[in-house]
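The sequence shown: position 72 = 72 (full-length UniProt numbering), numbered continuously.
Comments concern the structure below.
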Amino acid sequence: MNKEQLIAKLKPIIEPYVQDEEAFKNLSEDTDFVNDLKINSANLVDVILDIEDEFDIRLENEDMEQMLNVKSAISIVTSKLNY
Numbered sequence: 001m002n003k004e005q006l007i008a009k010l011k012p013i014i015e016p017y018v019q020d021e022e023a024f025k026n027l028s029e030d031t032d033f034v035n036d037l038k039i040n041s042a043n044l045v046d047v048i049l050d051i052e053d054e055f056d057i058r059l060e061n062e063d064m065e066q067m068l069n070v071k072s073a074i075s076i077v078t079s080k081l082n083y
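Put into structure tokens, the structure is as follows:
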């Protein structure tokens, strides 16, 4: 799965929690979940749980702590899928 496909799968997961629609329209690898999309920390946990369900992966605490932007989400999901 390439980056574009991963971003396409992440978008519907992230969308319900987004507080800044304009930033969401311009979602890219550099988009930060908290600073750009204004997703609060409680909802960020929901995003992570939804990512686990969507990709059928298990994320460890250190993975969750690092998953602060789209680029890190792509990196972590890709590494889990390749195990």
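Where is the CB? At the ideal position from N, CA and C, for every residue including glycine.
Asked: Spatial distance of residue 38 from residue 72 (CA atoms); Found: 17 Å
Asked: 7 Å CB neighbourhood of residue 31 in its chain, flanking five on each side removed; Found: 23, 37, 69 and 70
Asked: Unbroken alpha helix (DSSP H) run spanning residue 24, endpoints; Found: 21-25
Asked: Whole-angstrom distance between residue 46 and residue 79, CA atom to CA atom; Found: 20 Å
Asked: Delimiting residues of the alpha helix (DSSP H) encompassing residue 12; Found: 3-14
Asked: Best match in 8, 29 and 40 for proximity to residue 18 [C-alpha to C-alpha]; Found: 40
Asked: Cutoff 6 Å; reference residue 20; Cβ partners in own chain excluding five residues on either side; Found: 37 and 38
Asked: Unbroken alpha helix (DSSP H) run spanning residue 55, endpoints; Found: 41-55
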